[in-house]
């Protein structure tokens, strides 16, 4: 089996190779788009199911809105159109016809649309145009909807999962009667994302609010979770936006309040995408391949029998069957790989590459001794364990692996968070990656200078950090708070 480039040699190349060799995804013949392969999609499905349940626990319901958005809708909210204009794919015609030589097709010039349609880069406009028909009274609020879909944002430079022109995501959109309700919902959904990242993905995140420059186009506030990858770069892993009344006013979504007076609805939107796959890969994986948290692994346990005589193979099959059934009853996904067309060594390497958390190996001799070899993917440690009670042991082991993966990632992240007061020192140290807590004077000019001179950006004003007045490291001007600065994907 082909080996991977080591992370220490070329982190970017290691990532690109791993995505392909672990059968997660591959480049498409459609420029900027990817094919998510079954194994990669199985991980995304587990993410999707878990998040969907978490959303519904907060009262959100799923809906679906059109892929195509009239161009005029995007122009209704000025900041929104400015933010997305350069990324839009535009549909101009609705018909093809055979060319003059009858060996291909061309766009029929007679079939030009009266108004161009935009393939959704995000759905605030089409959804708020629809909300106008649904919201009339304060009794219709709050309105809490989510959709799972694809979006298109034209990208010049793409990387599988991290940045592609088309990607899968969910986008939640809510309407509220008061500013306070909307702000609370935006912050609530950020906490849902943070809980999912830490408890299921085993990825520690920093929660915070974006600077004005980094806000979502059309938002009054954008809340974010930022994760640190093993190369010390930040990955924005989820955002939640407080949109104020901007979209309510742009699409004339008014309701009669309790005093029977008309008022514009207050809005939020929030989303995570298949970029989470990139976060999962880059936070945990090693030079042997994927390391998947058990909570999201498509196969949590693989059992590989070591061949022998037909009667020995049959004995192993019979012994393993009740263990497999017990694991399934515990809700654990298990694969028994007794295919005889691949050698055990190939199987071992393949399941390591794919990040299966636990591997059990046994042959006729193990059966005689009442033992089984257990290997855990997170540490690559092997041990011989009693075969009896194996299902219960595996369940405990999976829990331990989930916790260990998170602890390892958090220990790494925490060791690479620094406070910095000196700009020259910062410019040198940022080259090696890490999260830097630095005072900022709050100006867009200072923010732009940092980005231009260091390729680092202000990721957020982090929550949970004790904030005291200080001095901006760049300008020497007074600062009210420290911000989190990092290079990012």
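Numbering (my numbering), first residue to last: 1208 to 1696.
Beta carbons are placed, not taken as given, at the ideal position from N, Cα and C, and that holds for glycine.
If the criterion is Cβ atoms closer than 8 angstroms, does the pair residue 1383 and residue 1462 meet it?
Sequence index remark: in the chain shown, residue 1383 carries index 176 (1-based). Sequence index remark: in the chain shown, residue 1462 carries index 255 (1-based). No. Outside cutoff.
Can you tell me whether DSSP reads residue 1287 as helix, strand or coil?
Here residue 1287 refers to the residue found at position 80 of the chain shown. Residue state, collapsed to three classes: helix.
Compute the Euclidean distance between the alpha carbons of residue 1704 and residue 1359, then round it to the nearest angstrom.
In the structure displayed, the chain extends from 1208 to 1696; residue 1704 sits before or after that span and is not available.
Below 8 angstroms, how does it come out for the segment 1398-1415 and the segment 1474-1492: are there three or more Cβ pairs, yes or no?
yes
In angstroms with no decimal places, state the Cα-to-Cα distance between residue 1667 and residue 1583.
As a first step, residue 1667 is located in the chain shown; it is residue number 460 there, counting from the start. As a first step, residue 1583 is located in the chain shown; it is residue number 376 there, counting from the start. Near 36 angstroms, if we compare the C-alpha coordinates of residue 1583 and residue 1667.
To the nearest angstrom, report how far apart residue 1452 and residue 1430 are at their CA atoms.
The sequence position of residue 1452 within the chain shown is 245, counting from 1. The sequence position of residue 1430 within the chain shown is 223, counting from 1. For residue 1452 and residue 1430, the distance between alpha carbons rounds to 17 angstroms.
Among the candidates 1578, 1445, 1596, whose CA atom is the shortest distance from the CA of residue 1590?
Taking the chain shown and counting its residues from 1, one reaches residue 1590 at position 383. Checking every option, the nearest Cα to that of residue 1590 belongs to 1578.
If I measure Cβ to Cβ from residue 1653 and keep anything under 6 angstroms in the same chain, skipping five residues before and after, which residues do I get?
Taking the chain shown and counting its residues from 1, one reaches residue 1653 at position 446. Taken in chain order, the residues that qualify are 1681, 1682.
Contact between the segment 1259-1268 and the segment 1350-1369: three or more CB pairs below 8 angstroms?
Touching, per the Cβ criterion.
Report the three-state DSSP secondary structure of residue 1574 (helix, strand or coil).
The residue you call residue 1574 lines up with position 367 of the chain shown. Residue 1574 falls in the helix class under three-state DSSP.
So residue 1277 and residue 1322 are in contact, right, with Cβ under 8 angstroms, and what is the actual spacing, rounded?
What you label residue 1277 is simply residue 70 of the chain shown in a count that begins at 1. What you label residue 1322 is simply residue 115 of the chain shown in a count that begins at 1. With a Cβ gap of about 5 angstroms, residue 1277 and residue 1322 count as contacting.
Could you spell out the range, first to last residue, of the alpha helix (DSSP H) harbouring residue 1552?
Reading the chain shown from its first residue, position 345 is the one you call residue 1552. Residues 1551-1560.
Leaving aside the five residues before and after residue 1592 along the sequence, list all residues of the same chain whose C-beta is less than 7 angstroms from its C-beta, in chain order.
In the chain shown, residue 1592 corresponds to position 385, counting from 1. Excluding sequence positions up to five before and after residue 1592, its CB lies within less than 7 angstroms of the CB of 1578, 1579, 1581, 1600, all in the same chain and listed in chain order.
Is the CB-CB distance between residue 1346 and residue 1475 below 8 angstroms?
Mapped onto the chain shown, residue 1346 falls at position 139. Mapped onto the chain shown, residue 1475 falls at position 268. It is not a contact, given that the beta carbons lie outside the stated cut-off.
Reducing DSSP to helix, strand and coil, say where residue 1418 ends up.
Position 211 of the chain shown, counting from 1, holds the residue named residue 1418. Coil, per DSSP.
Which residue comes first and which comes last in the alpha helix (DSSP H) that contains residue 1251?
One-based indexing of the chain shown puts residue 1251 at position 44. Start and end: 1245-1264.
Are the beta-carbon atoms of residue 1439 and residue 1623 separated by less than 8 angstroms?
Numbered from 1 along the chain shown, position 232 holds the residue referred to as residue 1439. Numbered from 1 along the chain shown, position 416 holds the residue referred to as residue 1623. Going by C-beta atoms, residue 1439 is nearer than 8 angstroms to residue 1623.
Which one or two residues does DSSP pair with residue 1240 in a beta bridge?
The residue you call residue 1240 lines up with position 33 of the chain shown. In the DSSP output, where bridge partners are listed per residue, residue 1240 has none listed.
With contact counted as at least three CB pairs below 8 angstroms, one residue from each stretch, are the segment 1496-1506 and the segment 1556-1567 in contact?
yes
Mind checking who residue 1664 pairs with in its DSSP beta bridge?
Taking the first residue of the chain shown as position 1, residue 1664 is located at position 457. DSSP lists 1693 as the beta-bridge partner residues of residue 1664.
Less than 8 angstroms between the beta carbons of residue 1441 and residue 1219, yes or no?
Residue numbering aside, residue 1441 sits at position 234 when the chain shown is read from its first letter. Residue numbering aside, residue 1219 sits at position 12 when the chain shown is read from its first letter. It is not a contact, given that the beta carbons lie outside the stated cut-off.
Can you tell me which of the three DSSP states residue 1498 falls into?
As a working note, residue 1498 is residue 291 in the chain shown. Correct three-state label for residue 1498: coil.
Going by C-alpha distance, which of 1609, 1510, 1232 is nearest residue 1369?
Numbered from its first residue, the chain shown carries residue 1369 at position 162. With distances taken between Cα atoms, residue 1369 lies closest to 1232.
If distances are taken between C-alpha atoms only, which option among 1608, 1632, 1628, 1692 comes closest to residue 1643?
In the chain shown, the residue the question calls residue 1643 occupies position 436. Residue 1692 is the option with its Cα nearest to residue 1643.
What runs of the alpha helix (DSSP H), each 4 residues or longer, lie entirely inside the segment 1400-1484?
1453-1457
Where do the ends of the beta strand (DSSP E) carrying residue 1584 lie?
Within the chain shown, the letter at position 377 stands for residue 1584. Unbroken run through residue 1584: none, as it is neither H nor E.
In terms of alpha-carbon separation, which member of 1385, 1477, 1307 lies closest to residue 1465?
Here residue 1465 refers to the residue found at position 258 when the chain shown is read from its first residue. For the residues 1385, 1477, 1307, the minimum Cα distance to residue 1465 belongs to 1385.
Answer yes or no: do residue 1444 and residue 1432 have a C-beta to C-beta separation smaller than 8 angstroms?
Counting from 1 along the chain shown, the entry for residue 1444 is found at position 237. Counting from 1 along the chain shown, the entry for residue 1432 is found at position 225. Result yes, Cβ atoms of residue 1444 and residue 1432 sit closer than 8 angstroms.
Run through DSSP, which three-state label would residue 1374 get?
Along the chain shown, one-based indexing puts residue 1374 at 167. It is a strand residue.
Please report how far the alpha carbon of residue 1687 lies from the alpha carbon of residue 1436, in whole angstroms.
Residue 1687 sits at position 480 when you count from the first residue of the chain shown. Residue 1436 sits at position 229 when you count from the first residue of the chain shown. About 28 angstroms.
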